[in-house]
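Student:
2 protein chains.
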Amino acid sequence: MNTTQLTVLAIKYMREAKKESLQTVLEELHPYDLAELYRALPEKHHFRFLTYLTSKQIADLLMELEQEIQMEVLHKLGIEKSSKVMDIMDNDDLADMLSEISEEKLEEYLSAMHKDESKSVQQLMSYPPETAGGIMTNEFVWIRDYYSVREAVDKFKTFAGLTRNIYYLYVIDENKKLVGVVSYRDLLLADLNEKIEDIMFSRVLSVPIEMDQEEVAQLIQRYDFLAVPVVDEKNVLKGIVTVDDVIDVFIEEANEDIEKLSASGKSIDFSTKATTASFRRLPWLILLLFIGLITGSILDGFEQTLSQVVALIFFMPMIAGMTGNTGTQSLAVVVRGLVTNTLEKRTILKLVWREFKVGTMIGITCGLLVFTVASIWQGDLVFGMIVGISLLITLIIGTMAGTIIPLILYRIGIDPAVASGPLITTLNDIFSLLIYFGIATTFLHLLI
Amino acid sequence: MNTTQLTVLAIKYMREAKKESLQTVLEELHPYDLAELYRALPEKHHFRFLTYLTSKQIADLLMELEQEIQMEVLHKLGIEKSSKVMDIMDNDDLADMLSEISEEKLEEYLSAMHKDESKSVQQLMSYPPETAGGIMTNEFVWIRDYYSVREAVDKFKTFAGLTRNIYYLYVIDENKKLVGVVSYRDLLLADLNEKIEDIMFSRVLSVPIEMDQEEVAQLIQRYDFLAVPVVDEKNVLKGIVTVDDVIDVFIEEANEDIEKLSASGKSIDFSTKATTASFRRLPWLILLLFIGLITGSILDGFEQTLSQVVALIFFMPMIAGMTGNTGTQSLAVVVRGLVTNTLEKRTILKLVWREFKVGTMIGITCGLLVFTVASIWQGDLVFGMIVGISLLITLIIGTMAGTIIPLILYRIGIDPAVASGPLITTLNDIFSLLIYFGIATTFLHLLI
């Protein structure tokens with residue numbers, strides 16, 4: 001059954017007030033499908049639909065929805081029902097949701113919640129969003145190293161409701177310091193009477209609570225972990241980051257890279273409103289507009305050359321465009337490379353040298369091609385030389401700019417977002433026109 | 001200890017022939033770190049280093065290395081040792097590695113391997129690479145529904161060596177059809193005497209063997225699964241795709257999106273050779289070069305207008321650049337949106353309408369700005385109007401081109417790679433110059 005069919009069926013059952021029939025359908029749905037259904041339902045049915053759901057189902061639904069719709073749901077539920085639902089939600093998702101709520105509303109919700117749930121989520125909310133602390137959950141089961149496997153399994157059975165997405169039990173000592181890890185798999189393979197300290201893996205890798213989420217994600221990806229424990233400066237276990245959150249981090253980071261490359265402004269997706277999208281895109285565009293005007297004013301300085309050989313203009317879009325294209329290509333290689341590579345001096349030098357060679361090879365090939373075309377078109381070998389040599393030089397410079405600018409920014413700790421695709425393209429426009437018309441002006445006497 | 005320190009230590013131990021000291025260090029390393037060490041070692045030490053590793057360690061190493069270095073390692077090992085190592089490798093990684101080897105070499109390796117291993121990997125190699133079959137492993141543990149939990153755990157204990165990255169046991173019937181799934185967690189929580197059919201989850205989601213890897217990845221991400229079973233058309237269980245492979249798919253797909261947006265050519269990373277990188281980038285660049293020349297030849301048609309009002313040229317880079325920028329922004333939104341959205345008619349119409357509004361708002365803002373600047377700069381209101389109105393129109397068209405072209409390509413099943421960023425930028429160049437000089441020529445009599 002696809003979403004449209006589901007929607008029709010849900011509306012039918014609501015119209016006929018068949019609560020139980022609707023529940024039978026809903027029980028079959030994964031949280032993701034439930035959220036798809038909610039989004040597809042016309043707004044006038046939302047309130048009634050929510051009254052047909054169990055608290056558990058509303059919690060599942062909320063954890064899948066984007067913040068705008070979450071707020072709508074909370075509003076429809078009211079404080080009391082909302083806090084009941086919040087008690088059931090996973091703490092990390094709850095903390096993300098609450099981070100968008102106004103101060104006073106937040107107080108209301110928190111005070112209506114269970115005391116320990118509310119305390120635990122407030123603690124999570126205190127960590128910066130894009131760090132290990134910001135994406136971890138603090139609902140996990142810990143065991144002690146002197147437990148037997150039987151005791152560990154018993155404790156696990158008691159608290160299993162809390163550990164939906166966690167695949168390891170973490171072992172701590174009397175000071176709550178992390179000393180080891182045992183996977184569900186280890187527990188299954190062990191004898192019930194064995195001691196945890198004998199079967200646990202004690203060289204457990206953990207991450208500091210303030211580590212950047214991208215680094216956490218890299219670590220989990222490199223080592224194929226399902227989860228990684230998060231500790232404070234005293235090695236006290238504070239929480240767990242799980243692999244499903246890491247997938248979201250990778251998608252988020254890839255989107256950010258693409259936003260940088262296209263200067264398309266922060267987080268615009270299919271459901272962003274037109275005015276919001278415009279406001280997010282405009283700052284970049286206005287900056288680029290003025291840079292474009294500066295480029296144009298450079299031409300002002302070459303007015304004499306231009307009016308003497310108008311044909312020079314015909315090759316301007318091609319030269320500027322090609323320099324921009326090759327710069328964007330290099331930029332893409334660098335930005336994506338940073339996702340999986342650690343930047344050491346050796347790597348940087350190798351990369352810059354490689355790109356220089358690439359720029360030269362591309363420059364020679366394209367320069368020769370254009371030399372031929374331009375010479376034939378304009379019937380003038382000198383003219384062909386000017387265009388061909390200009391292209392060779394601008395392609396090398398364009399490649400270098402696309403490689404070095406983001407590397408420098410990254411190295412000195414500035415977000416390479418500043419080196420976004422259109423910005424490099426626009427800078428390359430300036431370089432290329434200066435070089436092209438500079439060379440042309442120098443050899444002008446040979447042309448006329 | 002970082003990679004450089006490790007490298008120095010490894011070379012020291014090799015020089016002193018201290019095999020055991022080196023082993024003590026190596027045992028502490030995760031496969032990822034082992035691969036980092038191998039890459040950092042100067043090539044002359046590679047052979048000796050390999051002789052110091054156990055077969056298991058070489059298998060771990062191979063599974064982390066990129067194909068170029070894998071081939072080098074196999075060559076150094078020789079057929080006999082290589083096939084011993086291959087017997088230990090995970091089948092999915094092995095199949096990927098072998099897919100790059102020449103036909104005759106492959107025969108040699110396969111015939112030196114264990115019969116069932118070789119048969120099993122050959123089967124995996126028969127599936128296309130970017131499908132569920134291409135990324136799945138066929139080493140998994142199945143159980144029957146009439147087993148007790150105790151029997152299931154016993155079977156798991158026997159075959160545990162095979163199931164490194166799998167977190168569920170799959171339940172099949174007498175025809176090997178998939179009928180349910182049990183997680184390690186379920187097994188831990190259950191009583192040993194319970195029947196599998198009573199604790200298994202029978203509405204198990206599976207994917208067909210030919211499903212595109214991107215869809216498989218989306219499914220795992222949406223439902224927060226750790227693995228998903230792969231079945232053939234008769235619902236017979238054929239293999240498992242695990243979450244660690246899915247992370248790699250997301251990174252791969254994001255890289256592909258960025259390659260499309262920047263037309264930077266297939267899979268160029270930090271270690272690609274300069275000539276290879278040039279050859280991969282050149283086809284696009286040469287195509288774009290000719291489109292750029294066509295753009296230039298358009299200007300040829302407006303030669304008279306140009307020579308009469310040279311100042312028109314000053315605004316050409318800005319107008320062409322801005323149209324390209326806004327097109328790239330829209331393109332990025334569409335390409336990334338396709339990662340997490342399903343394209344229904346409703347979604348498409350909403351998106352196109354949204355982007356039209358965005359284009360108009362951006363166009364009006366930037367048009368007014370440029371009108372002001374151009375009027376003051378050139379001291380001519382009509383001139384300002386021509387530039388401002390041209391920008392308004394080209395921005396709307398640029399936004400629309402960046403939205404509609406990739407959507408159409410996607411809809412009719414052509415890879416939107418064709419609608420790469422530079423291509424849209426170049427097309428927008430043509431549109432914008434035609435509009436700009438068209439408008440200018442129409443109102444030329446008012447200017448001079």
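Just so you know, the sequences run in chain order A and B.
According to full-length UniProt numbering, the residues represented by the first sequence are 1 to 448, in order.
According to full-length UniProt numbering, the residues represented by the second sequence are 1 to 448, in order.
Each residue gets a CB set at the ideal place from its N, CA and C atoms; glycine is no exception.
Listed in chain order, which residues of the stretch 291 to 304 of chain A have Cβ atoms closer than 7 Å to some Cβ of chain B?
Tutor: Listed by position along the chain: GLY292, LEU293, THR295, GLY296, SER297, LEU299, ASP300, GLU303.
Student: Is A/GLY239 buried or exposed, if buried means 16 or more other CB atoms sit within 10 Å of its CB?
Tutor: Locating residue 239 of chain A in the first sequence gives position 239, counting from the first residue. A/GLY239 should be labelled buried.
Student: Which residues does DSSP pair with A/ASP212 in a beta bridge?
Tutor: As a position in the first sequence, residue 212 of chain A is number 212, starting the count at 1. Answer by DSSP bridge pairing, in chain order: A/THR131.
Student: Can you pull out the residues from the stretch 319 to 331 of chain A whose beta carbon lies closer than 9 Å to at least one beta carbon of chain B?
Tutor: Those would be ILE319, ALA320, GLY321, MET322, GLY324, ASN325, THR326, THR328, GLN329, SER330, LEU331, in chain order.
Student: Could you check if A/TRP284 is buried or exposed, using at least 16 other CB atoms within 10 Å of its CB as the buried criterion?
Tutor: What you label residue 284 of chain A is simply residue 284 of the first sequence in a count that begins at 1. Answer is buried; the Cβ neighbour count reaches 16.
Student: Using only CA atoms, which one of B/HIS45, B/THR131, B/SER297 lies nearest to B/GLU72?
Tutor: Taking the second sequence and counting its residues from 1, one reaches residue 72 of chain B at position 72. Cα-wise, what sits closest to B/GLU72 is B/HIS45.
Student: Assuming B/LEU219 contacts B/VAL207 under a Cβ cut-off of 8 Å, what Cβ separation, rounded to an integer in Å, is found between them?
Tutor: Counting from 1 along the second sequence, the entry for residue 219 of chain B is found at position 219. Counting from 1 along the second sequence, the entry for residue 207 of chain B is found at position 207. That pair is a contact at about 7 Å.
Student: Have a look at A/PRO42, A/GLY78, A/VAL182, A/ALA401 and flag the residue whose alpha-carbon is nearest the alpha-carbon of A/SER202.
Tutor: For this step, residue 202 of chain A is matched to residue 202 along the first sequence. The residue with the shortest Cα to Cα distance from A/SER202 is A/VAL182.
Student: Could you tell me if B/PHE246 is buried or exposed, where buried requires 16 or more neighbouring beta carbons within 10 angstroms of its beta carbon?
Tutor: Counting from 1 along the second sequence, the entry for residue 246 of chain B is found at position 246. Per the sequence shown, the amino acid found at residue 246 of chain B is Val instead of Phe. It counts as buried.
Student: Assess, as a yes-or-no matter, whether the stretch 111 to 127 of chain B is touched by the stretch 77 to 88 of chain B under the definition of 3 or more beta carbon pairs within less than 8 Å.
Tutor: Touching, per the Cβ criterion.
Student: Relative to the C-alpha of residue 530 of chain A, which residue among A/MET400, A/LEU37, A/VAL241, A/ILE397 is closest?
Tutor: The displayed coordinates of chain A run from 1 to 448. Any statement about residue 530 of chain A would go beyond what the structure contains.
Student: Quick check on the DSSP output: the beta strand (DSSP E) that includes A/GLY402 runs from which residue to which?
Tutor: Your numbering for residue 402 of chain A matches position 402 in the first sequence. From DSSP, A/GLY402 is part of no beta strand (DSSP E) but of the alpha helix (DSSP H) over 381 to 411.
Student: Give the residues from the stretch 15 to 33 of chain B that approach chain A closer than 9 Å (Cβ to any Cβ), ordered along the chain.
Tutor: Hits within the stretch, in order: GLU28, HIS30, PRO31, TYR32, ASP33.
Student: Cα separation between B/THR4 and A/ARG346?
Tutor: Position 4 of the second sequence holds residue 4 of chain B. Position 346 of the first sequence holds residue 346 of chain A. Those two C-alpha atoms are separated by around 11 Å.
Student: Please report the Cβ distance between B/THR326 and B/GLY398, rounded to the nearest whole angstrom; I am assuming they are in contact, meaning their Cβ atoms lie under 8 Å.
Tutor: To locate residue 326 of chain B, count along the second sequence from 1; it is residue 326. To locate residue 398 of chain B, count along the second sequence from 1; it is residue 398. Indeed they touch by this definition, with Cβ atoms about 4 Å apart.
Student: Specify, as a first and last residue, the run of the beta strand (DSSP E) that A/PRO229 falls within.
Tutor: For the purposes of this step, residue 229 of chain A is taken as residue 229 along the first sequence, with counting starting at 1. Start and end: 227 to 231.
Student: If we count Cβ pairs, one from each stretch, closer than 8 Å, do we get three or more for the stretch 223 to 237 of chain B versus the stretch 249 to 264 of chain B?
Tutor: Too few Cβ pairs lie closer than 8 Å, so no.
Student: I'd like to know whether the C-beta atoms of B/PHE250 and A/PHE270 end up nearer to each other than 7 Å.
Tutor: Here residue 250 of chain B refers to the residue found at position 250 when the second sequence is read from its first residue. Here residue 270 of chain A refers to the residue found at position 270 when the first sequence is read from its first residue. No, they are not a contact pair.
Student: Give the straight-line distance between the Cα atoms of residue 467 of chain B and B/ALA10, rounded to the nearest whole angstrom.
Tutor: Since the first residue of chain B shown is 1 and the last is 448, residue 467 of chain B is not available in this structure.
Student: For A/TYR168, write down the residues that DSSP places opposite it in a beta bridge.
Tutor: In the first sequence, the residue the question calls residue 168 of chain A occupies position 168. Partner(s): A/SER183.
Student: Counting contacts by CB-CB distance shorter than 7 Å, is B/ILE143 in contact with chain A?
Tutor: Numbered from 1 along the second sequence, position 143 holds the residue referred to as residue 143 of chain B. Chain A, which has no Cβ nearer than 7 Å to the Cβ of B/ILE143, makes this no.
Student: Since B/ILE348 and B/LEU407 should fall inside the 8 Å C-beta cutoff, what is the C-beta to C-beta distance between them, to a whole number of angstroms?
Tutor: Indexing the second sequence from 1 puts residue 348 of chain B at position 348. Indexing the second sequence from 1 puts residue 407 of chain B at position 407. Yes, they are in contact, since the Cβ atoms of B/ILE348 and B/LEU407 sit about 6 Å apart, within 8 Å.
Student: What are the partner residues of B/TRP142, as DSSP defines its beta bridges?
Tutor: The residue you call residue 142 of chain B lines up with position 142 of the second sequence. Note: B/TRP142 sits in a beta bridge opposite B/TYR170.
Student: Anyone know if the C-beta pair for B/LEU331 and B/ILE424 falls short of 7 Å?
Tutor: For the purposes of this step, residue 331 of chain B is taken as the residue at position 331 of the second sequence. For the purposes of this step, residue 424 of chain B is taken as the residue at position 424 of the second sequence. Yes, the pair counts as a contact, with Cβ atoms nearer than the cut-off.
Student: According to the neighbour-count rule (16 or more other Cβ atoms, all chains shown, within 10 Å of its Cβ), is B/VAL8 buried or exposed?
Tutor: For the purposes of this step, residue 8 of chain B is identified with residue 8 of the second sequence, where counting begins at 1. So B/VAL8 ends up on the exposed side.
Student: Could you pull out every residue in the same chain whose Cβ sits closer than 7 Å to the Cβ of A/ASN235, ignoring the five residues on either side in sequence?
Tutor: For the purposes of this step, residue 235 of chain A is taken as the residue at position 235 of the first sequence. Excluding sequence neighbours, A/ASN235 sits near LYS177, LEU178.
Student: Helix, strand or coil for B/ILE291 per DSSP?
Tutor: Stepping through the second sequence from its first residue, residue 291 of chain B is reached at position 291. Helix, per DSSP.
Student: A/PRO422 versus chain B: which residues are under 7 Å apart at the beta carbon?
Tutor: Residue 422 of chain A sits at position 422 when you count from the first residue of the first sequence. Going along chain B in sequence order, the residues near A/PRO422 (Cβ under 7 Å) are ASN325, THR328.
Student: How big is the Cα-Cα spacing for A/LEU391 and A/PHE437?
Tutor: Taking the first residue of the first sequence as 1, we reach residue 391 of chain A at position 391. Taking the first residue of the first sequence as 1, we reach residue 437 of chain A at position 437. Approximately 11 Å between the Cα atoms of the pair.
Student: Label A/LYS19 either buried or exposed according to how many other C-beta atoms from any shown protein chain fall within 10 Å of its C-beta, with 16 as the threshold for buried.
Tutor: Locating residue 19 of chain A in the first sequence gives position 19, counting from the first residue. Per the 10 Å Cβ criterion, exposed.
Student: Quick check: the Cα distance between B/ASP191 and A/ALA95, rounded to an integer number of angstroms?
Tutor: Residue numbering aside, residue 191 of chain B sits at position 191 when the second sequence is read from its first letter. Residue numbering aside, residue 95 of chain A sits at position 95 when the first sequence is read from its first letter. C-alpha separation (whole angstroms): 35 Å.
Student: Kindly list, in the order they appear in chain B, the residues whose Cβ is closer than 7 Å to that of A/SER278.
Tutor: Taking the first sequence and counting its residues from 1, the one referred to as residue 278 of chain A is at position 278. Per Cβ cutoff of 7 Å: VAL358, MET361, ILE362.
Student: Once DSSP output is grouped into helix, strand and coil, what is the label at B/ILE240?
Tutor: Here residue 240 of chain B corresponds to residue number 240 of the second sequence, with the count starting at 1. Of the three classes helix, strand and coil, the one that applies to B/ILE240 here is strand, per DSSP.
Student: From the DSSP secondary-structure annotation, give me the bridge partner or partners of A/LYS177.
Tutor: Looking up residue 177 of chain A in the first sequence gives position 177. For A/LYS177, which the question treats as bridged, DSSP gives the partners A/VAL236.
Student: Does the Cβ of A/ILE376 have 16 or more other Cβ atoms within 10 Å, making it buried, or fewer, making it exposed?
Tutor: For the purposes of this step, residue 376 of chain A is identified with residue 376 of the first sequence, where counting begins at 1. Classification of A/ILE376: exposed, given that the 10 Å Cβ count is below 16.
Student: So what does DSSP say about A/PHE250, is it helix, strand or coil?
Tutor: As a first step, residue 250 of chain A is located in the first sequence; it is residue number 250 there, counting from the start. Of the three classes helix, strand and coil, the one that applies to A/PHE250 here is helix, per DSSP.
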